[in-house]
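In the working numbering, the protein residues as written are 7 to 259.
For each residue, glycine too, the CB sits at the ideal point set by N, CA and C.
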């Protein structure tokens, strides 16, 4: 009756919460996320960060550097979609959308709130262990809608460390690229290959195009580096503008 499967899932979630996501020194182990703060200052507009991770690296790094971010919770610590509505609240520098939930989220009845001590949460509100990860329940449905909305508004979608294994996320990205032939997708992850750099990059671009079902490989860009290196050293307007069409580069800068 799938009891062993359930037990395995519970064991994995327990390890996930207590060990795999539990950093002992956020500044040392995740300090490179300060690059998001520096980029937002250069960008001078609210930065929309969508993540599939459950960890608290972005939150802890931003709060540790005096940057308030929007996570979707009101003054009562209850999740409220209106927190992301700029016509209702004053926008914060960074909007963080955790599409698959968070290690510190917990449902109390039908209300989503968060805990200051994630290790004490018996069942965190995360999407885990399913191949089709769109959940028809808020906040997950709302967050997926926001992802679709902002990819359709963007000039460049920067995917850091994403392996393009989520069918629903891939489909949203593909629709955004198809809607605007000038829109670019920049994928950031290391390329372990013995081939020449240009050949390796072209191969990765084609693999990404195949994964998301998009025919126009020219819209897909690839930078072979680690997330920490990119966020710390390359997340700048001038660098991103090099991946846009020539006519689009000057206004972006």
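Buried or exposed (CB count within 10 angstroms, at least 16 for buried), residue i
i           : result
residue 130 : buried
residue 210 : buried
residue 168 : buried
residue 252 : exposed
residue 18  : exposed
residue 134 : exposed
residue 182 : buried
residue 220 : buried
residue 172 : buried
residue 112 : buried
6 Å CB neighbourhood of residue i in its chain, flanking five on each side removed
i           : result
residue 104 : 57
residue 9   : none
residue 108 : 60
residue 77  : 102
residue 22  : none
residue 54  : 101, 156
residue 74  : 98
residue 32  : 66
Residue i - partner residues in DSSP beta bridges
i           : result
residue 260 : With the chain represented from 7 up to 259, any question about residue 260 goes unanswered, as that position is not in the structure.
residue 76  : 101
residue 227 : 192
residue 119 : 112
residue 166 : 194
residue 85  : 79
residue 132 : 107
Assumed close pair residue i, residue j - CB separation to whole angstroms, cut-off 8 Å
i           : j           : result
residue 261 : residue 230 : Any question about residue 261 goes unanswered here, given that the chain covers just 7 to 259.
residue 178 : residue 153 : 6 Å
residue 214 : residue 226 : 5 Å
residue 217 : residue 170 : 4 Å
residue 45  : residue 241 : 5 Å
residue 127 : residue 106 : Going by Cβ atoms, the distance from residue 127 to residue 106 rounds to 16 Å, so no, they are not a contact pair.
Cutoff 9 Å: residue i Cβ touching any chain C Cβ
i          : result
residue 64 : No chain C appears in the structure shown, which is made up of a single protein chain.
Close Cβ partners of residue i (< 7 Å) along its chain, the five nearest in sequence each way excluded
i           : result
residue 94  : 88
residue 40  : 67, 71
residue 223 : 211, 212, 215
residue 38  : 234, 237, 238
Same chain only: Cβ atoms within 8 Å of residue i, ignoring 5 sequence neighbours per side
i           : result
residue 166 : 194, 195, 233, 236, 237
residue 192 : 162, 163, 164, 165, 227, 228, 229, 246, 249
residue 42  : 53, 55, 64, 67, 68, 100, 237, 241
residue 48  : 242, 243
residue 92  : 52
* Does the region 59–70 come within contact of the region 87–104, defined as at least 3 CB pairs closer than 8 Å? -> Contact between the region 59–70 and the region 87–104 is present, because at least three Cβ pairs lie under 8 Å.
* the region 157–166 in contact with the region 185–192 per 3-pair CB rule at 8 Å -> The answer is yes - the region 185–192 touches the region 157–166, with three or more Cβ pairs under 8 Å.
* **Stretch-stretch touch, CB-based, cutoff 8 Å, three pairs: the region 114–129 with the region 74–94** => When Cβ pairs closer than 8 Å are counted between the two stretches, the region 114–129 is seen to touch the region 74–94, the count reaching three or more.
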